[in-house]
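Numbering (the numbering used here), first residue to last: 1 to 403.
Idealized CB from N, CA, C, for every residue including glycine.
Written out below as structure tokens is the structure these notes cover.
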């Protein structure tokens, strides 16, 4: 996860990528989904989408270095300028071409104000379709939600905020250990430094046992790798929040319909960890009509929260989970107020305040693309330094190969 943006792989695009054709495909997909031609603002005591034409959301650069390294450097060093210049567009396409060669890398950044990961996959597939067939008709797209569906209802007091807080406390007590506190794992930092990285997992090499999902296997490998690297602080136990899609099986809705499931694991052999993970996922009940941590729910529940209340909630959430797998963010209408987390300023994107320092210290995003799973990592240096991060990537691959 990158601020409130997620880095997605691109899937299968025909031939060497043509920049004009790619830009035309991007513009065509934007026009096919009306919500992407709007901007979410707080006005007259309610949230509304205003018409807005995004520019500078297609970034093309030539580089002397490896294109992947150039993209990595841009995300680590120039992310805030990049999204600001694009007016925090719903989708930003970045393409790096290595000068004098055929090597390129294409990154798609997705703003979670507008969509969750499943919506991102829909957009990605639409972009691939439009690029591979310039004459395709995308006018029948029906992935948009109305403002009322997305926002639900405005909140005039703090009641919903406190109800959401109590609900999370209750669920935390049911699923997570009170003794497993993140302050043993992660420490706030005054400069709000975040390191971004990403790598691919080839799913064709994974032997998937019956009844196990790929999400379970990969998340379990991530958990075991973190437990090994943080042995002294975690003491063989880890708590995670895992994103689950709350849509019905065939719903193609463009918006935010995710719920966070708390999972607690203990050190052991991979087969024991994966079975414990799958059991907790299977027994957690999700109400598709009211996802616990949907963006619509948070945008209403926290509409009138003060910065201090918001930070207190971040602390509560992160005190129960060591890491988050998939995507996460919180909406707060107090866009002009300075938010701090023990001296750590927040990364700010279009009204979304995203203090990684106030979350978990480690956020992992899983993105399926063909036979691969792209793994994006955002981590505080207090959790992993550069050596730890490289070891983490190697250990995840090692544990997956041992299943």
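Are residue 103 and residue 17 closer than 8 Å when you measure CB to CB? Locating residue 103 in the chain shown gives position 103, where the first residue counts as 1. Locating residue 17 in the chain shown gives position 17, where the first residue counts as 1. Against a cut-off of 8 Å, the Cβ pair of residue 17 and residue 103 comes out as no contact.
Please list the terminal residues of the continuous beta strand (DSSP E) segment that includes residue 324. The sequence position of residue 324 within the chain shown is 324, counting from 1. It spans 323-325 - the beta strand (DSSP E) in which residue 324 sits, taken as one unbroken run.
Measure how close the beta-carbons of residue 220 and residue 274 come, nearest whole angstrom, since I'm counting them as under 8 Å. The residue given as residue 220 occupies position 220 in the chain shown. The residue given as residue 274 occupies position 274 in the chain shown. With a beta-carbon spacing of about 4 Å, residue 220 and residue 274 fall inside the 8 Å limit used to define contacts.
Per-residue burial, residue 278 [other beta carbons within 10 Å of its own, 16 or more giving buried]: Working through the chain shown from its first residue, we reach residue 278 at position 278. Under this definition residue 278 is a buried residue.
Those residues which DSSP pairs with residue 378 across a bridge: What you label residue 378 is simply residue 378 of the chain shown in a count that begins at 1. Residue 378 pairs with 196, 363.
Near residue 19, which residues of its chain fall below 6 Å by C-beta distance, leaving aside the five closest residues on each side in sequence? Residue numbering aside, residue 19 sits at position 19 when the chain shown is read from its first letter. If we look at residue 19 and ignore the five residues flanking it on each side, its Cβ neighbours are 60.
Would you mind working out which of 51, 55, 383 sits nearest residue 228, comparing C-alpha positions? Looking up residue 228 in the chain shown gives position 228. Measuring from the Cα of residue 228, the nearest candidate turns out to be 383.
Nearest to residue 111 (by Cα), restricted to the options 137, 79, 98: Working through the chain shown from its first residue, we reach residue 111 at position 111. The candidate whose alpha carbon is nearest that of residue 111 is 79.
What ranges does the beta strand (DSSP E) occupy inside the stretch 57-107, keeping only unbroken runs of at least 3 residues that lie completely in it? You should have 58-63, 91-98.
Contacts around residue 58, its chain only, beta-carbon distance under 6 Å, and the 5 residues preceding and following it disregarded: Taking the chain shown and counting its residues from 1, one reaches residue 58 at position 58. Excluding sequence neighbours, residue 58 sits near 23, 26, 93.
Three-way DSSP call (helix, strand, coil) for residue 232 in this model: Looking up residue 232 in the chain shown gives position 232. The DSSP-derived three-state label of residue 232 is helix.
Using 10 angstroms around the beta-carbon of residue 133, count the other beta-carbons present and answer buried if the total reaches 16, otherwise exposed. Numbered from its first residue, the chain shown carries residue 133 at position 133. With fewer than 16 other Cβ atoms from the protein chains shown falling within 10 Å of its own Cβ, residue 133 counts as exposed.
Contact check, residue 130 vs residue 138 under 8 Å by CB: the rounded distance? The residue given as residue 130 occupies position 130 in the chain shown. The residue given as residue 138 occupies position 138 in the chain shown. Right, their Cβ atoms sit about 6 Å apart.
Could you check whether residue 218 and residue 389 sit closer than 8 Å to each other, using their CB atoms as the reference points? What you label residue 389 is simply residue 389 of the chain shown in a count that begins at 1. What you label residue 218 is simply residue 218 of the chain shown in a count that begins at 1. No.
Looking at the strands, I want to know which residues DSSP matches up with residue 262. The residue labelled residue 262 in the question sits at position 262 within the chain shown. As computed with DSSP, residue 262 is found in a beta bridge with 241.
Roughly how many angstroms separate the alpha carbons of residue 392 and residue 136, rounded to a whole number? Translated into positions along the chain shown, residue 392 becomes position 392. Translated into positions along the chain shown, residue 136 becomes position 136. Taking the straight line joining both Cα atoms gives about 43 Å.
Beta-carbon within less than 7 Å of residue 56's beta-carbon, same chain only, minus the 5 sequence neighbours each way: which residues are those? Taking the chain shown and counting its residues from 1, the one referred to as residue 56 is at position 56. In its chain, beyond the 5 residues on either side, 85, 86 have a beta carbon closer than 7 Å to the beta carbon of residue 56.
Are the Cβ atoms of residue 363 and residue 270 separated by less than 8 Å? Sequence index remark: in the chain shown, residue 363 carries index 363 (1-based). Sequence index remark: in the chain shown, residue 270 carries index 270 (1-based). No. Outside cutoff.
Classify residue 226 as buried or exposed, calling it buried when 16 or more other Cβ atoms lie within 10 Å of its own Cβ. Locating residue 226 in the chain shown gives position 226, counting from the first residue. Residue 226 comes out buried.
Less than 8 Å between the CB atoms is what I'm expecting for residue 49 and residue 35, so what's the real figure, rounded? In the chain shown, counting from the first residue as 1, residue 49 sits at position 49. In the chain shown, counting from the first residue as 1, residue 35 sits at position 35. Between residue 35 and residue 49 the Cβ distance is about 7 Å, and since that is below 8 Å, they are a contact.
Can you tell me the Cβ-Cβ gap for residue 91 and residue 109, rounded? I've got them flagged as a contact below 8 Å. Start at 1 with the first residue of the chain shown, and residue 91 comes out as number 91. Start at 1 with the first residue of the chain shown, and residue 109 comes out as number 109. Here residue 91 really is in contact with residue 109; their C-beta atoms are around 7 Å apart, less than 8 Å.
Would you kindly work out how many angstroms separate the C-alpha atoms of residue 66 and residue 215, rounded to a whole number? Reading the chain shown from its first residue, position 66 is the one you call residue 66. Reading the chain shown from its first residue, position 215 is the one you call residue 215. Between residue 66 and residue 215, the C-alpha separation is close to 30 Å.
Taking the alpha-carbon positions, what's the residue 231 to residue 224 distance? Position 231 of the chain shown, counted from the start, is the residue given in the question as residue 231. Position 224 of the chain shown, counted from the start, is the residue given in the question as residue 224. So the alpha carbons of these two residues sit roughly 10 Å apart.
Taking only three categories from DSSP, how would you classify residue 155? Against the chain shown, residue 155 aligns to sequence position 155. With a pLDDT of 33 at residue 155, under the threshold of 50, the predicted position of this residue should be treated as unreliable, though the coordinate-derived value follows. DSSP, reduced to helix, strand and coil, places residue 155 outside both helices and strands of the structure shown, so it counts as coil.
Under 7 Å Cβ to Cβ from residue 212, same chain only, skipping five residues before and after it: list those, please. Along the chain shown, one-based indexing puts residue 212 at 212. 274, 278, listed in sequence order.
Can you tell me the Cα-Cα spacing of residue 321 and residue 21, whole angstroms? If you number the chain shown from 1, residue 321 lands on position 321. If you number the chain shown from 1, residue 21 lands on position 21. Each residue's alpha carbon lies about 44 Å from the other.
Limits of the alpha helix (DSSP H) - the one that residue 206 falls within: Translated into the one-based positions of the chain shown, residue 206 becomes position 206. Premise fails: residue 206 is in no alpha helix (DSSP H) and is neither H nor E.
Residue 49 by DSSP, collapsed to three states: which one? Taking the first residue of the chain shown as 1, we reach residue 49 at position 49. DSSP places residue 49 within a strand segment (E or B) once states are collapsed to three.
Keeping to the same chain, check which residues put their C-beta closer than 7 Å to that of residue 199; ignore five residues upstream and five downstream. Numbered from its first residue, the chain shown carries residue 199 at position 199. Here the set comprises 375, 393.
Outcome for residue 100 when other beta-carbon atoms lying within 10 angstroms are tallied against a minimum of 16: The residue labelled residue 100 in the question sits at position 100 within the chain shown. So residue 100 counts as exposed.
Taking a contact to mean a Cβ-Cβ separation below 8 Å, would you say residue 400 touches residue 206 in this structure? Locating residue 400 in the chain shown gives position 400, counting from the first residue. Locating residue 206 in the chain shown gives position 206, counting from the first residue. With contacts defined by Cβ atoms closer than 8 Å, residue 400 and residue 206 form a contacting pair.
Would you kindly work out how many angstroms separate the C-alpha atoms of residue 234 and residue 29, rounded to a whole number? Mapped onto the chain shown, residue 234 falls at position 234. Mapped onto the chain shown, residue 29 falls at position 29. Near 45 Å, if we compare the C-alpha coordinates of residue 29 and residue 234.
Once DSSP output is grouped into helix, strand and coil, what is the label at residue 273? Taking the chain shown and counting its residues from 1, one reaches residue 273 at position 273. Three-state result, residue 273: helix.
CB residue 204 to CB residue 76, shorter than 8 Å? Along the chain shown, read from residue 1 onward, the residue named residue 204 stands at position 204. Along the chain shown, read from residue 1 onward, the residue named residue 76 stands at position 76. Taking 8 Å as the Cβ cut-off, residue 204 and residue 76 do not qualify as a contacting pair.
Based on Cα-Cα distance, which residue from 208, 210, 209, 276 lies nearest to residue 240? Sequence index remark: in the chain shown, residue 240 carries index 240 (1-based). Per the Cα distances, 276.
Suppose you measure from the CA of residue 323 to the CA of residue 83; what does that come to, to the nearest Å? Sequence index remark: in the chain shown, residue 323 carries index 323 (1-based). Sequence index remark: in the chain shown, residue 83 carries index 83 (1-based). Pairing residue 323 with residue 83, the inter-Cα distance amounts to about 25 Å.
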